[in-house]
Structure formats: C-alpha cells, structure tokens
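Counting in this note's numbering, the sequence shown runs from 1 upward without gaps.
Even glycine gets a Cβ: it sits at the ideal position worked out from N, Cα and C.
To keep things clear, I will list the structure first and then write my remarks on it.
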Amino acid sequence: MRAENPVFLLDYDGTLAPIAQRPEEAFPHPEAPRVLRALMERHPVYVVTGRRVRDLEPLLPLPGLPVVGGHSLEEGVLFGEVRPLFPVDLGPLRARLPSCPGVRVEDKGFALALHYRGAEDEEKARACLEAWLKAVEGLLEALGLEALPGKKVLELKPKGVDKGQAVLRLLGRHPDHTPVYIGDDTTDEAAFLALRGRGLTFKVGEGPTAAQGRLKDVEEVLAYLQTYLRPTSL
Numbered sequence: 001m002r003a004e005n006p007v008f009l010l011d012y013d014g015t016l017a018p019i020a021q022r023p024e025e026a027f028p029h030p031e032a033p034r035v036l037r038a039l040m041e042r043h044p045v046y047v048v049t050g051r052r053v054r055d056l057e058p059l060l061p062l063p064g065l066p067v068v069g070g071h072s073l074e075e076g077v078l079f080g081e082v083r084p085l086f087p088v089d090l091g092p093l094r095a096r097l098p099s100c101p102g103v104r105v106e107d108k109g110f111a112l113a114l115h116y117r118g119a120e121d122e123e124k125a126r127a128c129l130e131a132w133l134k135a136v137e138g139l140l141e142a143l144g145l146e147a148l149p150g151k152k153v154l155e156l157k158p159k160g161v162d163k164g165q166a167v168l169r170l171l172g173r174h175p176d177h178t179p180v181y182i183g184d185d186t187t188d189e190a191a192f193l194a195l196r197g198r199g200l201t202f203k204v205g206e207g208p209t210a211a212q213g214r215l216k217d218v219e220e221v222l223a224y225l226q227t228y229l230r231p232t233s234l
C-alpha cells in the first residue's frame with residue numbers, strides 16, 4: 001500500500017528505532033536519519049512520539065524535523081522552538097510516586113512515565129504499579145490526569161490528550177495530503193482509529209490492532225519508507 005501524495009506521521013521508539021532498555025539508549029536505525037532527510041525534501045514528515053521534543057534531539061540530529069511530543073502535549077521542531085500545548089501541575093503526583101522495585105520514573109514535565117522494562121521481576125513491578133495506581137485514583141481524577149499503558153511503561157498524562165488528537169490536528173494543515181501513520185505501541189492505536197478511512201496506517205510488530213497494514217520490524221519500516229524515494233536514489 002502506498003499513498004500518492006503522502007504526509008508521514010511516524011512514531012519513534014519501536015518504529016524508527018529499536019526498543020531499548022533505557023529511553024536515552026534508543027538510537028535510530030542506521031538508515032533512519034538519511035531516509036527521513038530525503039523524505040523531508042519531498043513530503044511533509046512529522047514524528048509523533050511520547051517523548052519530549054528536546055529528548056529526541058541527542059538521538060535524531062535532524063534540525064527542522066517537526067515533532068509532536070508527549071502524545072500531543074507539546075509541538076516543535078528539532079533544535080528549534082517547542083511549544084507546550086496542555087500545561088499541567090504534576091507537583092501533587094510527584095509527591096506520591098510509587099516505591100516499586102525496578103520501576104524507573106521519567107519526568108517529562110508535562111507527564112510522568114513509569115518504566116518497568118528491565119526490572120528483575122517485571123510482573124511483580126507491574127503488579128506494584130497497578131496497586132499504586134488504584135491508591136492514587138482519586139488524585140489523578142482531581143488533577144485531570146489519566147493512566148496510559150504502553151510497552152512495559154505506564155504514562156500519567158492530561159486526560160483526553162492522545163496521538164489521535166495529534167494526527168487530526170496535523171492533518172488539518174495538509175488537507176490535500178494522504179496521511180501515512182506508522183507505529184508499534186498501544187499508544188498508537190488512538191491514531192490508527194482517528195485515521196480510519198482517511199489514509200494508510202501500519203502497526204509495527206505483532207498484536208491486535210486497528211491499523212490497516214502491518215510491518216514486521218524497524219527494518220521493514222525503513223524499507224517501506226524508501227519506496228517513496230524511488231526512482232530517485234539516496
């Protein structure tokens with residue numbers, strides 16, 4: 001499946017970069033920067049990620065690449081201006097962070113990500129997080145936050161803000177383009193649903209999905225993206 005006049009909306013972790021134990025170690029596929037740069041010369045390209053925009057800069061040195069960060073909580077360009085879209089006070093929640101062995105807290109400023117990938121006992125860490133989540137349920141409601149589960153991570157973010165909202169906002173800027181969205185995580189399902197009947201959507205890897213198509217891994221993602229660069233060579 002290919003779009004004739006595409007706007008690319010691409011997840012980062014698990015899509016352009018293999019999943020890593022720690023977020024700062026998730027370097028892109030060796031071909032990704034070159035392919036993205038070539039695509040940017042021909043078509044609109046956005047990265048839509050749960051990461052902060054600034055946290056992507058050490059990994060993906062492509063100045064001017066538009067990025068939606070925090071699933072839709074901020075927007076900007078790499079090495080340029082970044083705008084927060086949904087400010088939130090996480091102070092009360094920071095004061096009640098869980099004490100779960102193997103759980104690492106990533107404070108994004110606009111959201112908190114609780115990672116348990118690499119914990120000695122990941123199932124035990126997940127169960128601990130679920131118990132803590134139940135204990136702070138009232139606080140989350142009062143702060144207008146919700147829990148968004150992902151691949152061995154639990155993200156706490158403003159309610160109702162997701163990648164589906166992000167891609168519809170971006171699509172409004174390119175009404176004559178066909179969206180091509182590629183992502184691997186449960187957080188990408190909101191985008192798949194939002195774009196149903198509007199463009200092309202691809203799930204990376206296994207598991208149930210609302211996406212139309214499926215790509216096996218990051219290697220296959222890069223191979224698919226390169227089909228949009230033919231017959232021009234890289």
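Query                                                                                             : Result
Spatially closest choice to Pro84 from Pro6, Ala211, His177, Lys108, by CA coordinates            : Lys108
Alpha helix (DSSP H) segment containing Asp55, residue limits                                     : 53-56
Per DSSP, cross-strand counterpart(s) of Thr178                                                   : Pro6
As assigned by DSSP and simplified to three states, the class of Arg173                           : coil
Reference Leu193; option with closest CA among Val88, Leu222, Lys163                              : Lys163
Per-residue DSSP class, three states only, for Val68                                              : strand
Collapsed DSSP secondary structure at Glu220 in the structure displayed                           : helix
Ala113, enclosing beta strand (DSSP E) - first and last residue                                   : 112-115
Min CB distance Leu114 to chain B below 8 Å                                                       : Absent from the structure is chain B; it holds one protein chain and no more.
Straight-line Cα distance separating Leu56 from Arg43                                             : Here residue 43 is His; the residue named in the question, Arg, does not match the sequence. Their backbone Cα atoms lie some 21 Å apart in a straight line.
Straight-line Cα distance separating Ala95 from Tyr228                                            : 48 Å
When Gly150, Ala113, Leu39 are compared against Gly207, the one with the closest alpha-carbon     : Gly150
Per-residue DSSP class, three states only, for Asp188                                             : helix
Sufficient close CB pairs (3 or more, under 8 Å) joining the stretch 61-75 to the stretch 102-121 : yes
C-alpha gap between Leu139 and Glu31, whole angstroms                                             : 44 Å
Contact between the stretch 171-181 and the stretch 76-91 (3+ Cβ pairs under 8 Å)                 : no
Within 8 Å, strictly: CB atoms of Leu36 and Leu62                                                 : yes
Range covered by the beta strand (DSSP E) that runs through Val47                                 : 45-48
Option nearest Lys124 by Cα separation, candidates Lys152, Glu141, Asp217                         : Lys152
Unbroken alpha helix (DSSP H) run spanning Val130, endpoints                                      : Per the sequence shown, the amino acid found at residue 130 is Glu instead of Val. Run containing Glu130: 122-135, per the alpha helix (DSSP H) assignment.
CB contact flag (Thr15, Val161, <8 Å)                                                             : no
Where the beta strand (DSSP E) through Pro158 begins and ends                                     : 153-158
C-alpha gap between Asp121 and Leu133, whole angstroms                                            : 18 Å
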